[in-house]
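Data block below; observations after.
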Amino acid sequence: MDLADERPTVVFGAIAIASLVAYVLWSTSQAPRLPLPPGPKGLPFIGNVRDLPKELPWLTYTEWAANYGELVYVEVFGRGMLILNSVKAITDLFDKRSSNYSDRPPMYMVNELIGWDWDFAHMHYGDWWRKHRKTFHQYFHPNAIVAYRPIQIKETHALLRRLLVSPERFIPHVRQHAGSIILQVAYGYKIESEDDYYVDLAGRAMEGLISAGNAGTYLVDFIPILKYVPPWMPGASFMRKALQWRKPTIELKEAPFKLVKEAMVQNTATPSFCSTNLEKLTDESPPDEEEVIKNCAGIAYLAGSDTTVSVVTTFILAMVLHPEVQKRAQADLDAVVGVEGRLPDFEDRSRLPFIDAIISETLRWHPVTPLALAHASMEDDVYEGYFIPAGTTITGNAWAILHDPSMYPDPSAFKPERFLKREGGECARDPMTVAFGFGRRICPGRHLAEASVWIAIVSILSTFDIGKAVDSEGHDIEPKIEYHSGLVSHPMPFICSIEPRSEAARKLVDSTVDD
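For the sequence shown, the positions run 1358 to 1872 when my numbering is used.
Written out as structure tokens, the structure is:
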């Protein structure tokens, strides 16, 4: 069950046991020691279970930071949870003390019940995680991803053509664009339509991860005995959800990988992350090497597509609300590629600093993951005079950092110019250092995702005008800035106008059909 479920009817016994354990932990923890970090006062035995937010938790945690400071500590049934709300605290713990803060907390809902234990982003820190990280990094580091540019350009041109035909369907078009890129990179699989089975599969699998990925979302993470509750039991909706999400989660890993192996047998496989790595296997290869390849491809497929969709749709929302930003970007683009010249390419990037600034501001204005995946302390530690027990769940609040007015004045405003270098001054801190996780657990696929975002955004700006939709009476429809709660946060569906900038732009997009 999540924290909004009706607890007493389902978990009376479990709560009684957990309360007893919490009481023992509490009473044994009262020996003289340094204080725990500050935080909202909890109730006996159950702690802060009633304080944990059900929706948009990063906003509540940021409010807590205003009252308690950069470190906020809560407990739920004896398990500690520390929220870091400053760059300094995150750097000190996740970077400078990474050997102690690179583990993951137990996530029973995500890993055991839904089945994400194969995702190395959720794995415990150790040799098995390192093996996955090394395999993944070889194909997704900044130099390696240059090889994927032809795929990114081809799929971006296809995105432009779809926007030309049915601009009102921009969200599924963006999703198809992101999925097409990563499926070709990971598996050599080409998507032919927006209702492609594997695009839909990723969406169904991601639903569970988004829902359960933030620490503290489901009570079973604090009371592990709840994982044995029968799904049919009244109030056990969390078990029914887990069963629903588990099937696409496992299929996501297995099905596209099976396609690659079958294509390799038939000598029809397209070069990809999977086929290239599988071809390297020999009789002397470790027996688990194929499993590592399968796992790494699966997480690239999932995470790479969803983060890109979130950023590009947030960009479109920002352009609807800030036409002056769009006009400035288009003027810069016209100066580089010509009003009726050509579509932009990666080689143009160094001459388009304002486009980079727009992407940076998009990542800051509403980060893809407002709360990074939680870390866990492996040993007792002391920081800033506070005691941090071993096993504490530790969450980096990216939202609080990227909306800190001391770092980003007027943080709720969309101002790309804050990231432009000024004579005699520095530009704002790059949000890429915060938006994709922290320390040794930073997202290793961020470079490919960011490159896909850049070519999509620069190409859309070059060929289309984005504006407000109008109603039947000709009045502008003002979109609301509303976001889904979850690990990866997407804008709520909104409508807008997306039209070719000119007849020349339309012809330019049409000319890409033979790419």
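Using N, Cα and C, we set each Cβ at its ideal position, and we do this for glycine too.
Closest in alpha carbon position to residue 1602, among 1533, 1468, 1628, 1614, is 1468.
Residue 1676 has its alpha-carbon roughly 13 Å from the corresponding atom of residue 1837.
Within the region 1702 to 1764, complete beta strand (DSSP E) segments of at least 3 residues are found at 1738 to 1740, 1743 to 1745, 1750 to 1753, given in chain order. The Cβ-Cβ distance between residue 1727 and residue 1756 falls below 9 Å. For residue 1431, the enclosing beta strand (DSSP E) has its first and last residue at 1428 to 1433.
Per DSSP, the unbroken beta strand (DSSP E) holding residue 1824 starts and ends at 1821 to 1824. Residue pairing of residue 1396 in beta bridges, as defined by DSSP: absent, with no partner found.
Shown here, residue 1827 sits in a strand according to DSSP, grouped into three states.
For a cut-off of 8 Å, the C-beta gap from residue 1456 to residue 1732 is around 12 Å, too long to register as a contact. Boundaries cannot be given for residue 1788, as no alpha helix (DSSP H) includes it and DSSP labels it neither H nor E. Contact between the region 1654 to 1664 and the region 1539 to 1556 is present: three or more C-beta pairs spanning the two stretches fall below 8 Å.
CA-to-CA, the gap between residue 1843 and residue 1500 works out to about 32 Å. Taking the Cα of residue 1472 as reference, the smallest distance to any Cα among 1701, 1605, 1427 is reached at 1605. Residue 1854 sits in a strand when the DSSP states are folded into three classes. For residue 1560, the enclosing alpha helix (DSSP H) starts and ends at 1554 to 1569. Two segments are said to touch when three or more pairs of C-beta atoms, one from each, lie closer than 8 Å; by this definition the region 1811 to 1818 touches the region 1504 to 1514.
A contact is defined here as three or more CB-CB pairs under 8 Å, and the region 1613 to 1623 fails this definition with respect to the region 1482 to 1497. Rounded to whole angstroms, the gap between the alpha carbons of residue 1694 and residue 1574 is 48 Å. Exclusion of the five residues before and after residue 1839 leaves 1849 as the residues of its chain whose Cβ lies within less than 6 Å of its Cβ.
Rounded to whole angstroms, the Cβ separation of residue 1666 and residue 1531 is 5 Å, and the two are in contact under 8 Å. Contact between residue 1492 and residue 1653 is confirmed by a C-beta separation of about 5 Å, below the 8 Å threshold. With 16 or more other CB atoms across the displayed protein chains lying within 10 angstroms of its CB, residue 1754 is buried. The Cβ atoms of residue 1801 and residue 1497 lie closer than 9 Å to each other. Within the region 1646 to 1694, the complete alpha helix (DSSP H) runs of at least 4 residues fall at 1646 to 1678, 1680 to 1694. No residue range can be given for residue 1464, since it is assigned to no alpha helix (DSSP H) and is classified by DSSP as neither H nor E.
As DSSP reads the structure, residue 1597 sits in no beta bridge.
Here DSSP, grouped into helix, strand and coil, assigns residue 1439 to strand. The region 1820 to 1833 makes contact with the region 1857 to 1864: 3 or more CB pairs, one atom from each, lie closer than 8 Å.
In this structure, residue 1409 lies away from residue 1429, with their beta-carbon atoms at least 9 Å apart. Residue 1453 has its alpha-carbon roughly 40 Å from the corresponding atom of residue 1689.
The beta-carbon separation of residue 1576 and residue 1583, rounded to 6 Å, stays under the 8 Å limit for a contact. The residue among 1855, 1803, 1808, 1796 with its C-alpha nearest the C-alpha of residue 1449 is 1796. The residues 1859, 1861, in chain order, have a CB closer than 8 Å to that of residue 1696 in the same chain once the five nearest residues on each side in sequence are set aside. With a cutoff of 9 Å on beta-carbon distance, residue 1701 and residue 1816 are scored as near each other.
For residue 1866, the uninterrupted alpha helix (DSSP H) segment begins and ends at 1860 to 1867. Within the same chain, Cβ atoms closer than 7 Å to the Cβ of residue 1638 are found at 1646, 1647, the five residues on either side in sequence being excluded.
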